[in-house]
Amino acid sequence: MDFSINLKLQPSPWFIGVLAELNELYSDWTDGSYDWAAQTTDFLHTPSPLPAFDDSIFETPLSRRAVNDLLHLAIAMIGGDYELVRRYTEVLRFAFVIGYPRSGGSYLTKELLRVAGLDHTRVSEALAHDGFPELHECWYGPGNNGQPLFYLQESLFQAAEFLVIANLYYQKKTIRHPHGYWLAPKKFHKIVNWGGSFKMLLGPGQADYIVTVRNPLPTAISIYEKSGGLPADGLFPVQAARSAIERWIIADLVRLGHSLEEVAAMDYFEAVQKSWSAFYARMAVSGLFLGLRDEVRLLPYGAEALEGVIREYNALHLRRDTPEPVLIHEKANAHPHWVARAEETVAAMERLWASLGLSFPALSLA
3 MDFSINLKLQ
13 PSPWFIGVLA
23 ELNELYSDWT
33 DGSYDWAAQT
43 TDFLHTPSPL
53 PAFDDSIFET
63 PLSRRAVNDL
73 LHLAIAMIGG
83 DYELVRRYTE
93 VLRFAFVIGY
103 PRSGGSYLTK
113 ELLRVAGLDH
123 TRVSEALAHD
133 GFPELHECWY
143 GPGNNGQPLF
153 YLQESLFQAA
163 EFLVIANLYY
173 QKKTIRHPHG
183 YWLAPKKFHK
193 IVNWGGSFKM
203 LLGPGQADYI
213 VTVRNPLPTA
223 ISIYEKSGGL
233 PADGLFPVQA
243 ARSAIERWII
253 ADLVRLGHSL
263 EEVAAMDYFE
273 AVQKSWSAFY
283 ARMAVSGLFL
293 GLRDEVRLLP
303 YGAEALEGVI
313 REYNALHLRR
323 DTPEPVLIHE
333 KANAHPHWVA
343 RAEETVAAME
353 RLWASLGLSF
363 PALSLA
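Numbering of the sequence shown is given in this note's numbering, commencing with residue 3 and proceeding in unit increments.
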């Protein structure tokens, strides 16, 4: 018995935007004015708008190649031909930066792009930062028109888009490493939703998985500072989330079974703590450690660890650049009533990881 299905591949705005950049149709998001990695400013609540282009963008030789590659990869992924995907990506060495928000991921991604010879303000947030590809845990969700959106199909197509656009972008924009690969940095915390699948797809030795971990207390402080300050009542602002990160936290808590009324009754630290715990618990069982565990590098938040890994990449890529200093402000003493709760949260995560045969890094209150 034969079955046939129809799939509609609609290129995402992110794919089209980076494709426009490759065709040298520069938009506002790559003119050097949009610093998505600024350590003291949060651009997430006012992202640079995605550019709009007509169908003529697909008429160039580069665009036709990109679309052809995309169709081949998407079909290969649907059909399980992971060897084709591996052959296509074998010229890249991905450096995936993974971690809960406000734990140094943007800093590392920016510095890794500099290792690759790029100015991060000239690299679109879509390619380098979070958001694309949109890998969902759930198969279905609400679309813009109120109808169910099939996230599994959407996520699969966007994963194929990312692999194609990264392949073309880094080969065109950067210099090949003497060992024969192009370095492809990416801040990619959503990979925890598909950890094992992505590692299986790319195969061993094709990526470094750099995990940043920060104590939940300074993480909570950093999130509220970049979202407009701690609410006057100390509670999490469910009805008026002020940033993308606060919206992500609400989504995490809803997935844990909390009602919006329950979240609204939580103090700010409790909401962040539960979201933080859910993220690193999910990471442990996501399949991210599949195969070669030493491909996953755990970095406790701090200048020594973050700057140190960049110095190592600089040495490996024969660059003499000095990493930009990590800006660290000791603010945990502003909330002494949060300290014991933060310590217990970290200890609980250490126990969970240890029960699975994994080692969670020791964390300071920085």
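Ideal Cβ placement from N, Cα and C applies to all residues, glycine included.
Are residue i and residue j close, meaning C-beta to C-beta below 8 Å?
| i | j | result |
| --- | --- | --- |
| ARG244 | GLY230 | yes |
| ARG124 | GLY205 | no |
| LYS333 | PRO239 | no |
| GLY106 | THR214 | yes |
| LEU185 | ARG95 | yes |
| ARG67 | PHE60 | no |
| GLU314 | VAL328 | no |
Classify residue i as buried or exposed, calling it buried when 16 or more other Cβ atoms lie within 10 Å of its own Cβ.
| i | result |
| --- | --- |
| TYR102 | buried |
| LYS174 | exposed |
| ILE177 | exposed |
| ASP210 | buried |
| ASP254 | buried |
| SER58 | exposed |
| GLY143 | exposed |
| GLU264 | exposed |
| PHE5 | exposed |
Secondary structure at residue i, three-state DSSP: helix, strand or coil?
| i | result |
| --- | --- |
| PRO101 | Correcting the residue type first, residue 101 is Gly in the shown sequence and not Pro. DSSP places GLY101 in strand when its eight states are reduced to three. |
| LYS192 | helix |
| PRO150 | strand |
| GLY143 | strand |
| ALA186 | strand |
| LEU237 | strand |
List the endpoints of the continuous alpha helix (DSSP H) containing residue i.
| i | result |
| --- | --- |
| TRP16 | 15-24 |
| LEU354 | 338-357 |
| ILE252 | 246-257 |
| GLN275 | 270-286 |
| HIS74 | 63-81 |
| ALA266 | 262-266 |
| ILE312 | 305-318 |
As a quick exercise: from the options, pick the residue whose alpha carbon is nearest that of residue i.
| i | options | result |
| --- | --- | --- |
| MET351 | ALA267, ALA253, SER279, ILE100 | SER279 |
| PHE1 | ALA161, PHE17, ILE77 | Nothing about residue 1 can be read from this structure; the chain reaches only from 3 to 368. |
| LEU158 | GLY207, ALA317, GLY82, LEU301 | GLY82 |
| LEU86 | ARG313, ALA317, MET202 | MET202 |
| ALA161 | ILE193, SER288, ASN147 | ILE193 |
| LYS188 | HIS331, HIS122, ASN25, ARG353 | HIS122 |
| PRO15 | HIS191, ARG321, ALA128, VAL117 | ALA128 |
| TRP355 | PHE291, GLU139, GLU309 | PHE291 |
Specify, as a first and last residue, the run of the beta strand (DSSP E) that residue i falls within.
| i | result |
| --- | --- |
| ILE212 | 209-215 |
| ARG299 | 298-302 |
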